[in-house]
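Notes follow the structure.
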Amino acid sequence: MVNYDSKEWLRFLINFPKADTVRKLTPYMIIMGLYSLGISYLIIGVWQLKDTSDLRNISLMHSLLGFVISMLLVFRTNTAYDRWWEGRRLWGALVNNSRNLALKINTLVPEEHVNERNFYRFMIPNFAYALKNHLRGNFLETEFTETGLFKLYDLRQHDHIPNQIAGAIFNQTVDLQRRGILLPEHLIFLNPELQSLMDVCGACERIRKTPIPYSYSAFLKKFIIIYCITLPLGYVFSLHYLVIPFVIFIFYVLASLEVIAEEIEDPFGTDSNDLPLDDISAGIQATVGQAFPEARQ
Amino acid sequence: MVNYDSKEWLRFLINFPKADTVRKLTPYMIIMGLYSLGISYLIIGVWQLKDTSDLRNISLMHSLLGFVISMLLVFRTNTAYDRWWEGRRLWGALVNNSRNLALKINTLVPEEHVNERNFYRFMIPNFAYALKNHLRGNFLETEFTETGLFKLYDLRQHDHIPNQIAGAIFNQTVDLQRRGILLPEHLIFLNPELQSLMDVCGACERIRKTPIPYSYSAFLKKFIIIYCITLPLGYVFSLHYLVIPFVIFIFYVLASLEVIAEEIEDPFGTDSNDLPLDDISAGIQATVGQAFPEARQ
Amino acid sequence: MVNYDSKEWLRFLINFPKADTVRKLTPYMIIMGLYSLGISYLIIGVWQLKDTSDLRNISLMHSLLGFVISMLLVFRTNTAYDRWWEGRRLWGALVNNSRNLALKINTLVPEEHVNERNFYRFMIPNFAYALKNHLRGNFLETEFTETGLFKLYDLRQHDHIPNQIAGAIFNQTVDLQRRGILLPEHLIFLNPELQSLMDVCGACERIRKTPIPYSYSAFLKKFIIIYCITLPLGYVFSLHYLVIPFVIFIFYVLASLEVIAEEIEDPFGTDSNDLPLDDISAGIQATVGQAFPEARQ
Amino acid sequence: MVNYDSKEWLRFLINFPKADTVRKLTPYMIIMGLYSLGISYLIIGVWQLKDTSDLRNISLMHSLLGFVISMLLVFRTNTAYDRWWEGRRLWGALVNNSRNLALKINTLVPEEHVNERNFYRFMIPNFAYALKNHLRGNFLETEFTETGLFKLYDLRQHDHIPNQIAGAIFNQTVDLQRRGILLPEHLIFLNPELQSLMDVCGACERIRKTPIPYSYSAFLKKFIIIYCITLPLGYVFSLHYLVIPFVIFIFYVLASLEVIAEEIEDPFGTDSNDLPLDDISAGIQATVGQAFPEARQ
Amino acid sequence: MVNYDSKEWLRFLINFPKADTVRKLTPYMIIMGLYSLGISYLIIGVWQLKDTSDLRNISLMHSLLGFVISMLLVFRTNTAYDRWWEGRRLWGALVNNSRNLALKINTLVPEEHVNERNFYRFMIPNFAYALKNHLRGNFLETEFTETGLFKLYDLRQHDHIPNQIAGAIFNQTVDLQRRGILLPEHLIFLNPELQSLMDVCGACERIRKTPIPYSYSAFLKKFIIIYCITLPLGYVFSLHYLVIPFVIFIFYVLASLEVIAEEIEDPFGTDSNDLPLDDISAGIQATVGQAFPEARQ
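Chains as they are written, first to last, in the numbering used here: chain A, 3 to 299; chain B, 3 to 299; chain C, 3 to 299; chain D, 3 to 299; chain E, 3 to 299.
Laid out in structure tokens, this is it:
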């Protein structure tokens, strides 16, 4: 994620960092410019069509459909933003539940059960790191902290890793109850946090694996391309060669909306617009640690 | 569901897979083209109406109503998308609850109760498959896995099948409590997952059985058809025969929105835009299996 | 509710079932037509106003306000649809909770307690029927099934009937706990379903009893009427007698949106756009029955 | 709240009850009319500006910004409506929870504990009345029913009254548990209703005390006033003295939206658009009473 | 937060308090004015371009894109408002949970446990104050009330402070259960309030730390600036020097929307549009105190 100060307007105008849509769209904007130049040259220079040509009125189509295309694209971007924000909420929920689980375990499991306390102290952040990597399609051994009760070789790396970590936490918790360290009521007390682990995981997987329906996405792209390709045909009569920046700018606006939507609708990657999952995981590790007094010595 | 890479723009323009609205709308687009040709020929060639004809101003109606029709259709598509996405969320919830239920059962029911553990290991995925088939109006025996405690002939195939499977899971769980294998508190610990089975089922049935209100749908279709049919009447004066692609393209845009909405508002079928319920069910089967160590041997 | 196949476009164009807004609006459309005819005749035939009359420019108002009125009406219809859909969700929740309650009772109350089991088997569907009738302002004795533990004469018919049925279910459940048939924990296990009965009831009452604020509704109607009444004044100069179908169609579109909103915002009646509460109640009766093995013999 | 039949269109056109925005806006509409008359007289009669004056083109601004202002106002009204509806949902939740609490208490507290039963029978409606009055900034002793266990003089009238009533209900409930009349599990069974009392109270306070951000509200008002004040400058050239009703009507539409929003965003007062809190409180009193058999004798 | 009476329209027009966007935008509006003056002088006075210059038609772009920019900005402001309102809801939830927790503790912990009761009486408001300061990036010792069981020096001021306070509350509660003052069921009874503390904290942190995606924000600013900079180019031909107020006003409207969005999307600061966290914290302190009878003496 790019950190930025949203109030420095001037920097926005002259800066083009990697995440900027201008940078991504530059080659396409050049193509649109050349295409508009060609069309203008043909219509003005070669065919020398008059202002009364019917072709001029093709711009009626652009104003009639201008509203639909605008609205579709704005809704498209908003839907993508909603997914991005839902992803952020889910990781926020993971932060909350990790912290609450750590605070509860710290107070329910007496200090003499060093191994059991360490288990939670390390496995809760392990879940966050594992989920982050699972959503990115890999597994980083270096981000896994071993505990006396759960070693790296206990993980089957080709199975669903967050599922195994959540399973281990469930097992440990019921085991503590069997041994009488936790009361049966404590299981119900801990249940919201325990079950939220896999709930967050499943919801993130849902966002990552479900793009918007194919026919909707295909329709939108066809619509944008045809709309922009026909733009110079009508407007060249009133703008002549000025139609070139005109088309480039309109294309920039419409395509930016689609490009932004594509980028933010899967928010778990490592692009500059994606969520800062590394930071969030590290934050979970820090506050979970702070919940256990022994971690401070 | 069609899997696609949303960033390959060019392929979208030249590809017309089965899910594409162009393919579905082609016959109607041809009819609209012929109709526009006929109208144009009548007005230009036969009646030779002048540019000052009042008919020309009928296009005032199209610009005055252009906004309503755009907005109605964009909202229509968004409402349909919301149902599609709600369907996806529900199946995501089923994934989460199936996994959590498996993790909890694995840890609560000791390993020596082989039959009981197998019951959950197979009946949880059975519920997902049965719900999938129930929503598609059939029942596939081949997708049902028998367990020592529940056989295929225990199912009354003309009754509500997911209801029976959920009922069997409830019975088994209370039976385990009666036998002292589960504590009374464990019933409360398991309750969220247990009751979510029929909650997901009922919510999916709601989406599948409730189309948008008849009068709304009928109004929308009448509106689109009259709007498009009157289009060439006004615009033929400024576009002449160019009105034919003009009308076809506008019809394509408006009708696509309605067609996409119709396709995605019932997301549980087997069309190319529908949700990948087979994959999700298989995913449930896989991760539920991984929760039980004995399934790995 | 009208069942229909949303893909048969042609039938939508030529069919005018009772639920169609065309049918409801026909008298008003005729009045608008006659009114436009009168205005046109006065302006064209009697006063013979010229094209340069200021009156012509009154249509500037219609284009300036065209957007507000469209947006208000589309939002109005969407708000009404949201209520309709919330009503549907509530009855969906009633289905889910009725089924889960039946499944839980079946497994918790042993088979020898025939009367108690019958009580739930009949009282759960009784609640659905009673709520349906309560929302429609009546009470149908024929839709009430008596049980050994609750007779028709136990109901005070002038008091709140769903409240009494929910109360009876609460009483019976606590009674079973007092007699030791249910454990105290089971009360918590059953609580979500028990309290959802009156939650659904109260939420349905809220939808039924709360129309949108008066000043909003009054403003909208005044706006539509003035907007349509002034329409022919401006457009008659460019359309002459063609202004008549022009005004009728625009009135049809705007008024349809308001009429649809009025129809669907209270979804519990017996109109053709209302929710199929009879079918849903019968569905509850069927699946609740299937949950009890003794009901099948 | 005004009760009305939304289907009598004609009455809406000719009726101007107190809640109607026409009535509230009349003085301002007269001012706008006089102002437009003045401007028109200056431009047409005094300065005799020609049609080619640049001033005419100031109306380009009105069409360019027409969309923003419409959209802002429609969203403004919708946001206000959402608050109004949230207020209604909260009071609906209070109805549901009051009823469920009464049904549960009736069945859990045996009939011989007359005083305790009476306590809940009167204190639950007392909470609704107290909350209603608290939101209106007063306290009506006449709407408070004393019980054997809680007298009017137990209330400290300068402290937060709903908080005290909820506290008394909590105290009574825990006291019943201490005396063994309720089991510990019953506390959990009753918890959702108990804690919902202050949840509803806090949420209502939030709506009442939080207007939309100042800079948003100030911007909107400035925008509407400048937009309307500049309206006659441009349109007087095409409409001449017809600009007067033109400006009045556009002002009526835009200002109505803002006025409606202002009225409904705080829904707990006694205006005609506010929620019928008196009726709802009386309804709670009635159905809570019906839950206790002794109340019927 | 600025308190204001939303019905005094005149004051809104002539007042420009610190929160008003006019005040913030004045320098930029002056720059836009000078820029428009320069452009107008060049085009009218220096180059003396004719009305038929192609440049005039650049305004076609402004009307074609006028809808997209309006919609984007209105959605932008609404998204920011949603965050502001979510922030308000979260603090409303903190109010509710603090009150309910105080009411429950008061009734569950007998009066003789003076120290324990005081602990909750002071630590619950301490959490609110600490969260407020945490969100503002500081810690005010003066707003922390020490109790017999928790002193200021128990806080590690460089760690997460709300986390420590919530942890102390958890510890104290489980300790009361261990000592038999609370029953195990009471832990479940108190759980919703206990875990809500860190839930609110995490959700507020999420809002504060997550601005909208960089590429979206950068695109929006580039779009506004280019749109406004090109405005005088086209409109100078029809408005001449009147284009100066024209451009200033349009810039004011568009930039205000962006500025308002920037201000309200992080609602936890001390700006005039931010939420009144100090007042809310003081309110929590007051009502929590009122829940404990000993606090009144």
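Ideal placement from N, C-alpha and C gives every residue a C-beta, glycine not left out. Owing to the predicted nature of the structure, the values given are computational and were not obtained by experimental measurement.
Taking a cut-off of 8 Å for Cβ pairs, the region 187–201 of chain D and the region 182–189 of chain E touch, as three or more such pairs fall below it.
C/Y254 is a Cβ neighbour of C/M31, given a cutoff of 8 Å.
For B/F152, the secondary structure class from DSSP, reduced to helix, strand or coil, is strand. Under the 8 Å criterion on CB atoms, B/F152 is classed as non-interfacial with respect to chain A. Annotation note: the region 86–123 of chain A contains no uninterrupted alpha helix (DSSP H) run of length 4 or greater.
For the region 176–199 of chain E, the residues whose beta carbon sits under 7 Å from a beta carbon of chain A are, in order, V176, P186, E187, L189, I190, N193 and Q197. Across the set B/L96, B/I71, B/I41 and B/A293, the C-alpha of B/L96 shows the shortest separation from the C-alpha of A/R208. Secondary structure of C/F146 (DSSP, three-state): coil. Per the coordinates, the alpha-carbon of C/A297 lies some 41 Å from the alpha-carbon of A/N165. The DSSP-derived three-state label of E/R181 is coil. Taking 4 residues as the minimum length, the alpha helix (DSSP H) runs contained wholly in the region 217–273 of chain A are 245–266, in order along the chain. Residue range P186 to K211 is occupied by the alpha helix (DSSP H) that includes E/A205. In this structure, B/G94 is the residue among B/A104, B/K106 and B/G94 with its C-alpha nearest to the C-alpha of A/D201.
Residues of the region 204–236 of chain D with a Cβ closer than 8 Å to any Cβ of chain E, in chain order: G204, A205, E207, R208, T212, P213, I214, P215, Y216, S217, Y218, S219, A220, F221, K223, K224, F225, I227 and I228. In the structure shown, E/D280 falls within a helical segment according to DSSP collapsed to helix, strand and coil. Contact with chain E is absent for A/F270, since none of that chain's Cβ atoms lies less than 8 Å from the residue's Cβ. Under the Cβ criterion (8 Å, minimum of three pairs), the region 130–141 of chain B counts as touching the region 149–163 of chain B. By the Cβ rule, the region 143–152 of chain A counts as touching the region 112–125 of chain A, because three or more pairs are nearer than 8 Å. E/I71 is positioned such that its CB atom lies no closer than 8 Å to that of E/V238. In this structure, B/P247 is the residue among B/N98, B/P247, B/S258 and B/E264 with its C-alpha nearest to the C-alpha of B/P234. For C/M125, there are no C-beta contacts with chain D under 8 Å, since the nearest C-beta of that chain is about 14 Å from it. 8 Å or more divides the Cβ of E/A220 from the Cβ of A/D273. Sequence-distant Cβ neighbours of A/I226 in its own chain, meaning closer than 6 Å and more than five residues away, are L256. Residue contact with chain D for E/V76: present (Cβ-Cβ distance below 8 Å to some residue of chain D). Taking the CA atoms as reference points, C/N102 sits about 25 Å from A/L199.
The DSSP-derived three-state label of E/P215 is coil.
Contact of E/G169 with chain A by beta-carbon distance below 8 Å involves L105, N108, T109 and A293. Interface annotation for the region 126–149 of chain C against chain D: empty, criterion Cβ-Cβ distance under 7 Å. By a beta-carbon distance limit of 8 Å, A/N275 contacts A/E265. Their separation comes to about 5 Å. In terms of CA proximity to B/L74, B/K223 leads the group B/K223, B/I126, B/F129 and B/C230.
C-alpha of B/E114 to C-alpha of C/N80: approximately 57 Å in a straight line. A direct Cα-Cα distance of roughly 19 Å separates C/L244 from B/Q50. The alpha-carbon separation between C/E88 and C/I214 amounts to approximately 15 Å. Look at B/L244: its C-beta is under 8 Å from a C-beta on chain A. Rounded to the nearest angstrom, the gap between the Cα atoms of D/G285 and C/A205 is 14 Å.
Measuring C-alpha to C-alpha distances from B/D56 to each of C/H242, C/F77, C/S283 and C/L92 identifies C/H242 as the nearest.
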